[in-house]
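There are 2 protein chains.
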Amino acid sequence: MDFYEKHKGTLDKALETIRTRQYWSPYPESPRAYGEDAPADGEAAFQERLGKPFVVDQPSDGFMEVAETSPYGTELGVTYPRSSPEALLAAAEAAMPAWAAATPATRAGVCLEILDRLAHRSFEMAHAVMQTTGQAFLMAFQAGGPHALDRALEAVAYAYAEQTRLPGEMRWEKPQGKRDPIVIDKTWRLKPRGVAVTIGVSTFPTWNGYPGVLASLATGNPVIIKPHPGTILPFALFTETARAVVAEAGFDANLVTLLVDTPDAPVAKDLVLDPRVKLVDYTGGPTFGTWLEENVHNALVFTEKAGVNSVVIDSADDLKGVFRNLSVSMSMYSGQMCTTPQNVYVPRGGIDVGEEHVSFDDVAQGLADAIGGLLSDDQRAGDILGAIKGEATLRRIDEAAAGGTPILPSRAVTNPTFPDAVMRTPLLVAVDAADRDVYMREMFGPVAFVIATDDTEQSLALAVESAKASGAITWLVYSTDDEVVAAAEDAALDAGVSVAFNLTGALFVNQSAAFSDFHVTGANPAGNASLTDPAFVAGRFRVVGVRKPV
Amino acid sequence: MDFYEKHKGTLDKALETIRTRQYWSPYPESPRAYGEDAPADGEAAFQERLGKPFVVDQPSDGFMEVAETSPYGTELGVTYPRSSPEALLAAAEAAMPAWAAATPATRAGVCLEILDRLAHRSFEMAHAVMQTTGQAFLMAFQAGGPHALDRALEAVAYAYAEQTRLPGEMRWEKPQGKRDPIVIDKTWRLKPRGVAVTIGVSTFPTWNGYPGVLASLATGNPVIIKPHPGTILPFALFTETARAVVAEAGFDANLVTLLVDTPDAPVAKDLVLDPRVKLVDYTGGPTFGTWLEENVHNALVFTEKAGVNSVVIDSADDLKGVFRNLSVSMSMYSGQMCTTPQNVYVPRGGIDVGEEHVSFDDVAQGLADAIGGLLSDDQRAGDILGAIKGEATLRRIDEAAAGGTPILPSRAVTNPTFPDAVMRTPLLVAVDAADRDVYMREMFGPVAFVIATDDTEQSLALAVESAKASGAITWLVYSTDDEVVAAAEDAALDAGVSVAFNLTGALFVNQSAAFSDFHVTGANPAGNASLTDPAFVAGRFRVVGVRKPV
């Protein structure tokens, strides 16, 4: 089967769309698009995984118990192959030469077939993502399945584009005045960089992980996936699918392997310091991300860490729309998105809304009421909030409440389907701009601050400051004043943060669209890479020139 | 004056040529192309610089004596502005905003005007390069002038191409089934990374330095140039020209500044560790280059260090042609090019030349004779060799002679025009493959080894090994056997070294052509960057997305 021919249309459309940046998604985000049997089949396939060894035919020594747990309280009980970094590094190096020698088209075809097969397993993946990360089902389906596949395809398209910028064999002729010209036949051979390691995150393993994995794979590098010790199953499903396709295409399945570890015996540091490792992709907390950036000299390191995302409310036409939009943004997945707004800056003198003036307290209370209303029904709240993944996240809720005036307490939500699920609504705390220690740091999870500032100028200045100090991935600014909008855009540029204005409808600032929006700019401490831009891909292979005189 | 309009034709041709990789040079390499008066005018302009302060209107505190010396024995006596890193960093940051806000086209236009004016100063630059580096005049003219400008233009073209891959303002529309689509107006704003530092090399300051300087400048970053303490004048001329053009275009001249230091009080380390520095380009020895790669976390670091370049002689049709070509490659600029072959591997059982078999000793002696013949006349030798730049290079000649059997001693050459010039012919030493300590390291300068190996397979294996351990920029392989050629190409790919085959004519392996050949692959310790590929440019700016609902 020629996977390139099979998927050429999709690849071409992806190549076009990364240029036009228009809306496009080849993998439907609506669960209904997958056929009548897909939901039940997918759930059954997921259930079939539980309480069993997850077999991956890679170098390993039996199976290991892991620390993977479900925030929904579901007993997972999956064990995974116990593999050593050394065995997987050796296997990856052995698998590499034939893959490195394949054409970019062949590799793109294999990558797209992997994505295509994963698309057909979107329900199984949705349950795996939901149960390991705590996302609500619809988010797990969309972000874990089709949207992650969009991001993966985008990375493959960039990889293909970068690898095909040079001509093939060509003749070069340099005039020499009256003498004969110098005539040289030239070719360029692509040299993939070497073993790639992807270090997965606990919350969005596929959405954040696929771009690096696929960019490395599409440029000819083998990939060792080191999932987060608490969120393994989604990457295990990916690994299984990828290995099957790779083998079917005639390559060594060890191009993609899974290296599982536990919090008690982490392997990532030793792994990435091995000189055979040439590429590292990381999503996760800033401490380890910064360690990687500063200590891994044998590899290119791409990070997506975290940050303090800001909302600046200056003025509005439709304050209800502001609250409606913001309340959803702040509630989705209990604020456990790296794009969730944390700090909402409001002038302490209040804001203009049309002809009216609304006080700071009324803005803060309005937002609190909107969140409270959105999440008043437990069933509905559960579908928005999902469950809390980390113990540390729960601790931060209590810590944050002590830092200011709570205007909306965090409420425990009970879910009839998953009575053991740990679900909490967002805590909203009012603070003054002077209370910098409280809000000028990342409080990952269902915690947000409404910060009283002197004016919008100070709001923007504080948002810039926190972005430069702690990183930021999203900004959302509400203003009806063109000058403020222009100033905010300049401030966002200064801070290196993507910015959206006046979102009151169905688009939420948390969402970034593949083929169009860049996720993370790489221009502040939130991460050094951008999903996906040419710089994310261009260094994953090198070019070796070959010259032969005619 | 709209510099973009003025130079649009040149930019467009450069953009086309980096795709076609065909021969092209907008800056004539023949000195005769510059008009009758140019040689005398240029020399006079150079002479006018000597013994005087070199005035640069940048933040400074008087002028300083420097350690710049001429390998030709010419008394230079130029003093340069004494500037502090702090003053230049502050000036660079102050100059940045307006430049960062300019369009890629405006910036490209300014860059091309700088190159155009430098082209008109090619004779002055040639004398500056010749007298500071020790290059012979023709090399100093070509490599220091037009070829360096070609490389600079190439970098500007890549910078322009990378910055213009996104559409301008656009409308994005996502269907929502029966509901209204989500409609968003999007723009992307480019965010230059920040202050760039170029650390210059003593031997080819402009050829190696321009690409980084121009890539940073064209992507909106200010540049502080820290020239090698022994080779300052070429970059001072560049700085003068660049500042004049920048100011004429209405920008702050402090976008380009010159930070001079001395070996006794080096400033580079402190400078590059300043958090305001976001880009570092370096050409020079591997020790400091590796230090930069491992210790500068606040900036992207692009290095070109050095390596052990290899020649593998397996068989030949035209052994005289081999010797003729190699003797020139090994003699040019006394081996002080980072592309000069150092190790010549020859099977100890000899090689096939057509129907004949030629012994190892005859190959070694033939090469020695060719070099000896080429350089037998002192006047001609001087025109090829130039002069020796570094004390350390002279010491290496003596050291190398002790490691094996000298088959061609290094001879001191006297130059009638410059009686104080330090000129030496290459030393050729025969060693056995077992004498690894002698040849498995870089011996920068007029030193080469002819290494007796078991066979070509061992020759290639040793060349791979030294490239992986110490880096390599060029390989040259002679073989009439297609299988050996294929194996050598694979070995070069493995080693990450560009390779040329069977050069016997007017092309020398030392030469790489702008717009077509990549200089350094970035795939071995010879450097982490390639001049110029997309990866060299893509990270010098970031993209900030702006979204506004319609």
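These protein sequence lines are chains A and B, in that order. With this note's numbering applied, the first sequence covers 124 to 673. With this note's numbering applied, the second sequence covers 124 to 673. Note that the Cβ used here is the ideal one computed from N, Cα and C, for glycine as well. All of these numbers come straight from a predicted model, not from anything done at the bench.
Listed in chain order, the non-local C-beta contacts of His-642 of chain B below 6 Å within the same chain comprise Ser-635, Leu-654, local neighbours out to five positions each way being set aside.
Residues of chain A whose Cβ lies closer than 8 Å to the Cβ of Gly-430 of chain B do not exist; the shortest such Cβ separation is about 14 Å. When the beta-carbon positions are compared, Gly-232 of chain A and Ser-621 of chain B stay at least 7 Å from each other. Under the criterion of beta carbons closer than 8 Å, Ile-511 of chain B and Ser-457 of chain B qualify as touching, at roughly 6 Å. Distance from the CA atom of Phe-567 of chain B to the CA atom of Gln-459 of chain B, rounded to whole angstroms, is 6 Å. For Phe-246 of chain A, there is no enclosing beta strand (DSSP E); the residue is part of the alpha helix (DSSP H) that begins and ends at 245-256.
Inside the segment 318-357 of chain B, DSSP marks whole beta strand (DSSP E) runs of 3 or more residues at positions 318-322, 346-349, from first to last along the chain. In terms of beta-carbon proximity, Tyr-283 of chain A stays away from the interface with chain B, with every pair separated by 7 Å or more.
Looking at the backbone, the Cα of Gln-265 of chain B and that of Glu-188 of chain B are separated by about 29 Å. If the five residues before and after Thr-426 of chain A are omitted, its C-beta is found closer than 7 Å to the C-beta atoms of Tyr-405, Gly-412, Leu-415, Glu-416, Gly-650, Asn-651, Ala-652, all from its own chain and listed in chain order. If you ignore the 5 residues before and after Tyr-127 of chain A, its C-beta comes within less than 7 Å of the C-beta of Ala-228, Thr-229, Ala-231, Gly-232, all in its own chain and listed in chain order. For Gln-170 of chain B, the secondary structure class from DSSP, reduced to helix, strand or coil, is helix. Within the same chain, Gly-430, Ala-590, Lys-591, Gly-594, Ala-595, Ala-618, Gly-619, Val-620 come within 8 Å of Asn-647 of chain B by CB-CB distance, once the 5 residues on both sides are set aside. Within the model, the alpha-carbon separation for Gly-527 of chain A versus Thr-644 of chain A is close to 31 Å.
Interface residue (Cβ-Cβ distance to chain B less than 7 Å): Tyr-127 of chain A is not classified as such. The Cβ of Phe-641 of chain B sits closer than 7 Å to at least one Cβ of chain A.
From the beta-carbon of Tyr-146 of chain B, the residues of chain A found nearer than 7 Å are Trp-295, Glu-296, Lys-297. When DSSP states are grouped into helix, strand and coil, Tyr-456 of chain B belongs to the helix group.
DSSP lists A:Ile-307 as the bridge partner or partners of Trp-295 of chain A.
In this structure, Val-486 of chain A places its C-beta atom within 7 Å of the C-beta atom of Val-469 of chain A.
A residue is called buried when at least 16 other Cβ atoms come within 10 angstroms of its Cβ; His-270 of chain A meets this threshold and is buried. Note that the C-beta distance between Ser-153 of chain B and Asp-273 of chain B is not below 7 Å. Contact between the segment 512-524 of chain B and the segment 544-559 of chain B is present, with at least three C-beta pairs closer than 8 Å. Think of a sphere of 7 Å around the beta carbon of Ile-307 of chain A: the chain B residues whose beta carbon falls inside it are Leu-630, in chain order. Between Ala-210 of chain B and Pro-176 of chain B, the C-beta spacing is not below 7 Å. Contact between Pro-357 of chain B and Pro-328 of chain B holds, since their C-beta atoms are separated by about 5 Å, short of 8 Å. Going by DSSP, Arg-670 of chain B is part of the beta strand (DSSP E) stretching over 664-672. For Thr-192 of chain A and Leu-173 of chain A, the gap between their C-alpha atoms comes out near 12 Å.
Rounded to whole angstroms, the separation of the alpha carbons of Asp-184 of chain B and Pro-204 of chain B is 7 Å.
Only those residues of the segment 261-274 of chain A whose C-beta falls short of 7 Å from the nearest C-beta of chain B would be listed, and there are none. Close CB contacts of Gly-477 of chain B within its chain, under the 7 Å cut and outside five residues either way in sequence, are with Asp-440 (chain order). Val-424 of chain A has a beta carbon lying at 7 Å or more from every beta carbon in chain B. In the displayed model, Gly-132 of chain B falls within a helix according to three-state DSSP. For His-243 of chain A, no chain B residue has a Cβ inside 7 Å of its Cβ, as the nearest lies near 22 Å away. By the Cβ criterion, the segment 317-335 of chain A is in contact with the segment 384-402 of chain A, since at least three pairs of Cβ atoms, one from each stretch, lie closer than 8 Å. Residue pairing of His-480 of chain B in beta bridges, as defined by DSSP: B:Asp-475.
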